[in-house]
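Asker: Here's a structure for you.
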Amino acid sequence: MADQITFDDFLKVDIRVGEILRAEPYPEARKPSIKLWIDFGDEIGEKRSSAQITAHYDPATLPGKQVLAVVNFPPRQIGKFISEVLVLGLPDAAGEVMLIGPDGPVPIGGRLH
1047 MADQITFDDF
1057 LKVDIRVGEI
1067 LRAEPYPEAR
1077 KPSIKLWIDF
1087 GDEIGEKRSS
1097 AQITAHYDPA
1107 TLPGKQVLAV
1117 VNFPPRQIGK
1127 FISEVLVLGL
1137 PDAAGEVMLI
1147 GPDGPVPIGG
1157 RLH
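Residue numbers for the sequence shown follow the numbering used here, so the first one is 1047 and each next one is one higher.
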């Protein structure tokens, strides 16, 4: 278990829902990944992410899917690609990432609370 944090610490992490607009294989990554372009609405706009989700997802099926992501991390260089947000997921029994998203459609850009 991680160290306890305060509620103020939690509020520093900006987790929003976005809709995947586009997805492409990223075979050049050190670990097989998918490049994502995600719309977070008017306030945040479109952001990019690289996600190691190839075990469960095909890039062709991802557009339109809503996902949760941390949007206030600094950009990170992943090979030749700049990842601007951290898409959230959980490991399955084999340790492969499954994306986290709402159970039904919600307005994009909404903040997790």
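Cβ coordinates follow ideal geometry from the N, Cα and C atoms, glycine included.
Keep in mind the model is a prediction, meaning the values are calculated, not measured.
1) Express the C-alpha separation of M1047 and G1131 in angstroms, rounding to a whole number.
2) Quick one: what's got a C-beta closer than 8 Å to R1094's C-beta in the same chain, skipping five residues either side?
3) Have a look at E1089 and P1120 and give me their C-alpha separation to the nearest angstrom.
4) Do the CB positions of G1156 and R1062 come within less than 8 Å of each other?
5) Please look up how many angstroms separate the CB atoms of L1136 and L1114, rounded, as I've assumed it's under 8 Å.
6) Output yes or no for whether 8 Å exceeds the beta carbon distance between I1066 and K1111.
7) Taking the CB atoms as reference points, tell me whether E1142 and A1101 lie closer together than 8 Å.
8) What's the C-alpha gap between V1059 and A1106?
9) Should L1145 be labelled buried (16 or more other beta-carbon atoms within 10 Å of its own) or exposed?
10) Is L1134 helix, strand or coil by DSSP?
11) So G1125 and A1069 are in contact, right, with Cβ under 8 Å, and what is the actual spacing, rounded?
Answerer: Quick answer:
1) Before going further, note that residue 1131 is Val rather than Gly in the sequence given. Cα to Cα, V1131 sits roughly 24 Å from M1047.
2) Short of 8 Å from the beta carbon of R1094, and not among the five residues preceding or following it, lie these beta carbons of its own chain, in chain order: K1081, L1082, W1083, I1084, F1127, I1128, S1129, E1130 and V1131.
3) Cα to Cα, E1089 sits roughly 17 Å from P1120.
4) Between G1156 and R1062, the C-beta spacing is below 8 Å.
5) No, L1136 and L1114 are not in contact; Cβ-Cβ is about 11 Å, not under 8 Å.
6) Against a cut-off of 8 Å, the Cβ pair of K1111 and I1066 comes out as a contact.
7) Yes, Cβ-Cβ distance for E1142 and A1101 is below 8 Å.
8) Pairing V1059 with A1106, the inter-Cα distance amounts to about 30 Å.
9) Counting the other CB atoms within 10 Å of its CB gives L1145 a total of 16 or more, which places it among the buried residues.
10) Secondary structure at L1134: coil, using DSSP grouped into helix, strand and coil.
11) The Cβ separation is near 16 Å, so there is no contact.
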